[in-house]
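The structure under discussion appears below in the form of structure tokens.
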Amino acid sequence: MIKYSIRRILLTIPLLLVVLSMVFVFVRLAPGDPAMAMLGQYATQEGLDALRKQMGLDAPMWLQYLRFLGDLLRGDLGVSMLNGVPVVDQLRVVLPYTLELTVSAMVLGVLLGVPMGVYTALRRNRSADYSGRVVSLVGISIPSFFLGILLLYVFSVRMDLFPVLGAGRDGDLGDRLYHLVLPTLSLGLIMTSYIMRMTRSSMLNVLNEDFVRTAKSKGLQERIVVYKHAFMNALIPVVSVLGIYFIINLGSSIMTEIVFSRPGLGKLMVLAMKQRDYVVLQSVMVIYATLAIFINLFVDLIYGLIDPRIKYG
Amino acid sequence: MLNDLRRKQLRVFLRNRIAVVGFFLTLLLILIAFFAGYVAPYDPNEQNVYSRLTSPDLKHWFGTDSYGRDTLSRVIHGSRISLAVGVCSIIFGMVIGSLAGMFAAFDRGKIGNLIMRAVDVMMCFPAEIFAILFLVMIGQGMDKLIFAIGVVMAPRFARLSYGTTLSIREREYIEAARALGAKRPRIVLKHIFPNILGEILVMCSLWTATAIRVEANLSFLGMGVPPPTATWGNMVRTGVSQLTNAPWLSIFPGLAIMVAVLAFNLIGDGLRDVMDPKLQQG
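The listed protein sequences correspond, in order, to chains V and D.
In terms of our numbering, the first sequence is residues 1 to 313.
In terms of our numbering, the second sequence is residues 1001 to 1282.
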């Protein structure tokens, strides 16, 4: 278990390096000169040269790359090309909003999806299972922004139950939570559908296994067979895909933040894209990629904890 | 023997009512997209100052936008973009992804290993973010969108074909082909590809659904095919600012996205059951 964890953690380092390099290359290959984008098309040649020098764009590519990695290590992500604010400060403000949204959506997805998946699996091919399958298929088909818009229209515009925009006042926990309800629902219900489908099929697989039949034929109570033998084993594949689902969730949160006008990484990224602020854009991408890698690491470590083949292997 | 299997598979598919609904829904969408010019009641870009922001009525079933353009006609024409991008990007992703995966599984040397590690890295990113990275680099437009989404989807095909190829590469008939002196490209294309095609096609349907959703997301973020071309995503994007006074502007194109994604998911779900031997006996 410890060996597995250490190996898994060490594997993160090259992965992180490759992903960061990719972000660097992509953003450098983007068309348009960042200095030109900042100063506008009427900038003088001297002005452009001076700015390029200041931004380090005159250095050879390999040096720029080393500087990029060095700055990242020191936690320096540069300053925004448009307003001169250090990017780290901007990220420090928006990151908690994105995290509270994605984590709460994931928690909702697990809390609803797992029991619903087990329930429908136990009632295979009956009406509850049938309607559960249809509903979850709709759930994985609906884009997060559209579900957000529907919730916003019904609960905020029509019924006036929830706030329309924003993320609530800073420091006021009640207000923050109040603003979090609809965005969490719009991402969380989609996650529920994914997790429910996975739990159902995993549970169905396990229920067909020999050891479940053995447990039943031993005369054990149905309840014990289902929850102790089948459920615990069915959970393993579900946990293993939670990382993938979290990444889908992270991608969908961009659109949800836009719909609800919530501050967050997604909103910052779209703004940077519109304004061609490559420094901010690059940093947001770095954060997204790092988050995704650490989520995968976290899920794999949990997986090691619950899967006996790894735990005792 | 083979026909018997096919007939059995067809029976499993037809017995799955949800999948049949998905099949007809997809067919309907493709027909609508193909004959958009005939089906749409109005020109999708025709402006009419006298009927601005009218709510849905008999003349304009889905209402009109702030330029007086007919929302139904725009939704109908938007289907072309969504389906074309969804289907083309999946074909593109399938070709490069499965070739890379098959090669990696067959090679199992340094290059093969490198390909699969690259696949791991690409799968780290959320699909939308990876596609945005690409679009920032290559710029916007329909062909670029297809390229970007295709590249984003390719690693999934690579992983799938890698796994399936590994499982059959040690079979006798592959060994026989090798013993007869068949070259590697011939073995891959003639003996391996036809045998993993079934599984790839099932996932094609499910991943087309994903590709359509990613296209909608990108176009909602303003990274899709640029206006005035009507795409479902950018219709929702412009409509959402008028949610309070003209909800039809965002709700109808949003519904269209959902139906299209659902249709492909339904087929994919049904096809997966068809390929599952456990279900065929029952």
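Backbone N, C-alpha and C fix where the C-beta goes; we use that ideal spot for every residue, glycine too.
Beta-carbon contacts of residue i that lie in its chain and below 8 Å, excluding the five residues immediately before and after
i               : result
V1259 (chain D) : L1025, L1029
M203 (chain V)  : G117, V118, A121, L122, A230, F231, A234
D1273 (chain D) : V1012, F1013, N1016, A1019, L1279
V94 (chain V)   : P263, G264, L265, K267, L268
I1212 (chain D) : S1082, L1083, V1085, G1086, I1257, A1260, V1261, F1264
T1064 (chain D) : N1048, S1051, R1052, L1053, T1054, D1070, T1071
L1201 (chain D) : L1271
According to DSSP, residues forming a beta bridge with residue i
i               : result
D1004 (chain D) : According to DSSP, D1004 (chain D) bridges with nothing at all.
P86 (chain V)   : V:V79
T1064 (chain D) : D:D1070
Within-9 Å CB hit, residue i to chain V
i               : result
Q1281 (chain D) : Here the model assigns Q1281 (chain D) a pLDDT of 47, short of 50, so the residue's position is not dependable, and the following value carries that caveat. Chain V contact via Cβ: absent.
G1086 (chain D) : no
E1046 (chain D) : no
R1117 (chain D) : yes
R1213 (chain D) : yes
V1075 (chain D) : no
L1025 (chain D) : no
Beta-carbon proximity list for residue i, same chain, < 6 Å, skipping 5 on both sides
i               : result
G1022 (chain D) : A1263, L1266, I1267
L101 (chain V)  : P183, S253
A1105 (chain D) : Y1162, T1165, L1166
V1039 (chain D) : I1032, I1076
Q1281 (chain D) : Any reading at Q1281 (chain D) needs caution, since the residue's pLDDT is 47, under 50, leaving its predicted position unreliable; the model's value is listed next. Closer than 6 Å at Cβ, skipping near neighbours: no residue.
M196 (chain V)  : G113, M116, G117, S136
P163 (chain V)  : H179
L16 (chain V)   : I293
A1216 (chain D) : W1232, G1233, I1257
L250 (chain V)  : T102
Proximal residues of chain V, C-beta to C-beta of residue i below 7 Å
i               : result
P1247 (chain D) : Y153
S1250 (chain D) : I149
T1244 (chain D) : V157
M1137 (chain D) : F26, L29, A30
D1269 (chain D) : L137
Under 7 Å from the C-beta of residue i: neighbouring residues of chain D
i              : result
M141 (chain V) : Reading off the sequence, residue 141 (chain V) comes out as Ser, not Met. The answer, in chain order, is A1209, M1258, V1261, L1262, N1265.
I247 (chain V) : P1126
V259 (chain V) : V1240
A289 (chain V) : C1124, F1125
M285 (chain V) : I1129, L1133
Status (buried if at least 16 other CB within 10 Å, exposed otherwise) for residue i
i               : result
Y42 (chain V)   : exposed
F298 (chain V)  : exposed
M61 (chain V)   : exposed
I295 (chain V)  : buried
A1100 (chain D) : buried
T192 (chain V)  : buried
S131 (chain V)  : exposed
A1237 (chain D) : The identity of residue 1237 (chain D) in the sequence shown is Arg, whereas the question assumes Ala. Counting Cβ neighbours within 10 Å, R1237 (chain D) comes out buried, since at least 16 surround it.
T256 (chain V)  : buried
T1210 (chain D) : buried
F246 (chain V)  : buried
E1128 (chain D) : buried
Q90 (chain V)   : buried
9 Å Cβ cutoff, residue i in contact with chain D
i              : result
S202 (chain V) : no
V18 (chain V)  : yes
P31 (chain V)  : yes
S144 (chain V) : yes
N296 (chain V) : yes
V23 (chain V)  : yes
A128 (chain V) : no
K274 (chain V) : yes
L281 (chain V) : yes
M232 (chain V) : no
M116 (chain V) : no
G251 (chain V) : yes
Close Cβ partners of residue i (< 7 Å) along its chain, the five nearest in sequence each way excluded
i               : result
F1062 (chain D) : P1056, T1071, L1072, V1075, W1248, F1252
Q282 (chain V)  : V23, V27
M1116 (chain D) : A1104, Y1162
L301 (chain V)  : S5, R8
Residues that residue i contacts on chain D, provided the C-beta gap is smaller than 9 Å
i              : result
I254 (chain V) : P1126, E1128, I1129, I1132, N1217, L1221
Interface partners of residue i on chain D, CB under 8 Å
i              : result
A121 (chain V) : Under the 8 Å cutoff, chain D gives no residues; its nearest Cβ is about 15 Å from A121 (chain V).
V135 (chain V) : Residues of chain D passing the Cβ test: none, with the nearest at roughly 11 Å.
V270 (chain V) : L1221, G1222
Contact with chain B by residue i, beta-carbon distance below 9 Å
i              : result
I293 (chain V) : Checking the listed chains, one finds no chain B in this structure; the protein chains it contains are V and D.
Per-residue contacts from residue i into chain V (C-beta, under 8 Å)
i               : result
V1121 (chain D) : L15, V18, V19, M22
I1018 (chain D) : R133, V134, L137
V1236 (chain D) : F145, F146, I149
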